[in-house]
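The structure appears right after this line, and notes come after that.
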Amino acid sequence: MILAMMIGAALARAELPPEPERAMLAEVQRIYRVAGNRLWPGFDKVPLDLVLIGPEREALFCHQAVQGFTPAGRDPLTRCSLQTRVRELEIDLSAAANFFTGGETMAIGYPKALEMSPAYWKATVLHEAFHLYQSHIPRYAQMVAELGLAGGSTDGSWMLNYPFPYADPEVEAAFLVMGDAGLTFLEAKSRKERRAATKAYVAAREAALAKVSPVDRRYYEFQVGQEGMARWTELTLSRRGDAAMRDDAAGRWKGFATSLRAVREQGSKTWKRAAFYVYGAIEAEMLERAGVKWRPQYRRHPFGLGDQLKQLN
Numbered sequence: 002m003i004l005a006m007m008i009g010a011a012l013a014r015a016e017l018p019p020e021p022e023r024a025m026l027a028e029v030q031r032i033y034r035v036a037g038n039r040l041w042p043g044f045d046k047v048p049l050d051l052v053l054i055g056p057e058r059e060a061l062f063c064h065q066a067v068q069g070f071t072p073a074g075r076d077p078l079t080r081c082s083l084q085t086r087v088r089e090l091e092i093d094l095s096a097a098a099n100f101f102t103g104g105e106t107m108a109i110g111y112p113k114a115l116e117m118s119p120a121y122w123k124a125t126v127l128h129e130a131f132h133l134y135q136s137h138i139p140r141y142a143q144m145v146a147e148l149g150l151a152g153g154s155t156d157g158s159w160m161l162n163y164p165f166p167y168a169d170p171e172v173e174a175a176f177l178v179m180g181d182a183g184l185t186f187l188e189a190k191s192r193k194e195r196r197a198a199t200k201a202y203v204a205a206r207e208a209a210l211a212k213v214s215p216v217d218r219r220y221y222e223f224q225v226g227q228e229g230m231a232r233w234t235e236l237t238l239s240r241r242g243d244a245a246m247r248d249d250a251a252g253r254w255k256g257f258a259t260s261l262r263a264v265r266e267q268g269s270k271t272w273k274r275a276a277f278y279v280y281g282a283i284e285a286e287m288l289e290r291a292g293v294k295w296r297p298q299y300r301r302h303p304f305g306l307g308d309q310l311k312q313l314n
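For what it's worth, the numbering used here labels the leading residue of the sequence shown as 2, then goes sequentially.
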């Protein structure tokens, strides 16, 4: 009996993913349960519900039993229950989706497979953890459905493939004006300059969205409210991490300016929805810098950033 238990324990340890990755996940937990909870109340209630995808095996953290996975004990670093199986997912995946029954789960490959530094990888897990947080917001899924954007799609592909008129010359030109105002905000040196840039951005935003249909406008508000907000959150929380995470976040904040210049050079038809993620993060920072209590309102109306921005003018 004792021998069998020892063999079982040894097998469980053999199933554990590498310690560096588990230690990084434990650090992510600490960040979003402490700093994350101050930023977004209730973040500490979100479990590390995650599939860590290795070259040969996958490890499922903090999830109810799933058919096809084998129990592998409890990870002492994250304090999560563990299940493992032979790898089925792509090793370079980074997403939050309904991979199993019971709601959304994060899935991410090792940093090497994703060609990410440890700091960037931890920030990416924070990004996906915020998507889990969004899925726990009351009525979030219903509010997404009420946007009427799916067009009959049941697998969420519309989020990636929605036919927004990126290549329309008038639309593209109007969004470039908005991007220029966003760049001015990022480069502002004083509160007065930021306020003026925000005012110009909001006016340009309204002018740009006036060029598209109401349903296209809802798609924009969806992307900035979902993906832009996740980008802002990962970078904001990364400032609460170690020195490498803080440096990485600072560099990527500066990178938004580079992205906006690239959008102007390459055009919205090249960047497509990826440009919206940049705009969304900047819009969240505008609200944050304005000192208004915008985050409680976000929880009630996650796709209403435009309405909140208009109140700043």
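Ideal Cβ positions, reconstructed from N, Cα and C, are used throughout, including at glycine.
What you are looking at is a predicted structure, and each value in this text was computed from that prediction instead of being measured.
DSSP on residue 197, reduced to helix/strand/coil?
-> Stepping through the sequence shown from its first residue, residue 197 is reached at position 196. Judged by DSSP in its simplified three-state form, residue 197 adopts helix.
Residue 107 - containing beta strand (DSSP E), residue span = Within the sequence shown, the letter at position 106 stands for residue 107. Counting along the chain, the beta strand (DSSP E) containing residue 107 begins and ends at 106 to 110.
Report, in whole angstroms, the separation of the C-beta atoms of residue 106 and residue 97, which I expect to be a contact under 8 Å.
-> Walking along the sequence shown from the start, residue 106 turns up at place 105. Walking along the sequence shown from the start, residue 97 turns up at place 96. With 8 Å as the limit, residue 106 and residue 97 qualify as a contact, their Cβ atoms being about 7 Å apart.
Those runs of the alpha helix (DSSP H) which lie wholly inside the stretch 210 to 279 and span at least 4 residues = Runs of the alpha helix (DSSP H) inside the stretch 210 to 279: 215 to 224, 230 to 239, 244 to 267 and 269 to 272.
Identified DSSP bridge partners for residue 85 = Within the sequence shown, residue 85 is the residue found at index 84, counting from 1. In the DSSP assignment, residue 85 is bridged to 60 and 71.
Classify residue 305 as helix, strand or coil using the three-state DSSP reduction.
-> Here the question's residue 305 lines up with position 304 in the sequence shown. Judged by DSSP in its simplified three-state form, residue 305 adopts coil rather than helix or strand.
Would you say the stretch 186 to 206 touches the stretch 222 to 236, given that touching needs at least three Cβ pairs under 8 Å?
-> Taking a cut-off of 8 Å for Cβ pairs, the stretch 186 to 206 and the stretch 222 to 236 do not touch, as fewer than three such pairs fall below it.
Measure the CB-CB distance between residue 59 and residue 53 and report whether it falls below 8 Å.
-> The residue given as residue 59 occupies position 58 in the sequence shown. The residue given as residue 53 occupies position 52 in the sequence shown. The answer is yes: Cβ separation under 8 Å.
Whole-angstrom Cβ separation of residue 221 and residue 210, contact assumed at under 8 Å?
-> Mapped onto the sequence shown, residue 221 falls at position 220. Mapped onto the sequence shown, residue 210 falls at position 209. Right, their Cβ atoms sit about 6 Å apart.
Cα separation between residue 170 and residue 162?
-> One-based indexing of the sequence shown puts residue 170 at position 169. One-based indexing of the sequence shown puts residue 162 at position 161. Our two residues, residue 170 and residue 162, have alpha carbons roughly 20 Å apart in a direct line.
Count the other CB atoms, across all protein chains shown, that sit within 10 Å of the CB of residue 143; report buried if there are 16 or more and exposed otherwise.
-> Counting from one through the sequence shown, the residue named residue 143 turns up at place 142. Counting of Cβ neighbours within 10 angstroms places residue 143 among the exposed residues, the total staying below 16.
Label residue 191 either buried or exposed according to how many other C-beta atoms from any shown protein chain fall within 10 Å of its C-beta, with 16 as the threshold for buried.
-> Sequence index remark: in the sequence shown, residue 191 carries index 190 (1-based). That one is exposed.
Same chain, Cβ closer than 8 Å to residue 127, neighbours up to 5 away in sequence not counted = Looking up residue 127 in the sequence shown gives position 126. If we look at residue 127 and ignore the five residues flanking it on each side, its Cβ neighbours are 29, 32, 33, 37, 234, 235, 238 and 239.
Span separating the alpha-carbon of residue 150 from that of residue 223 = As a first step, residue 150 is located in the sequence shown; it is residue number 149 there, counting from the start. As a first step, residue 223 is located in the sequence shown; it is residue number 222 there, counting from the start. Distance between the alpha carbons of residue 150 and residue 223 is about 9 Å.
Taking the Cβ atom as the reference point for each residue, do residue 138 and residue 110 lie within a distance shorter than 8 Å?
-> The residue given as residue 138 occupies position 137 in the sequence shown. The residue given as residue 110 occupies position 109 in the sequence shown. Going by C-beta atoms, residue 138 is not nearer than 8 Å to residue 110.
Taking only heavy atoms of the ligand GDP into account, decide whether any of them is closer than 7 Å to the Cβ of residue 185.
-> Among the components modelled here there is no ligand, and therefore nothing to report on the ligand GDP.
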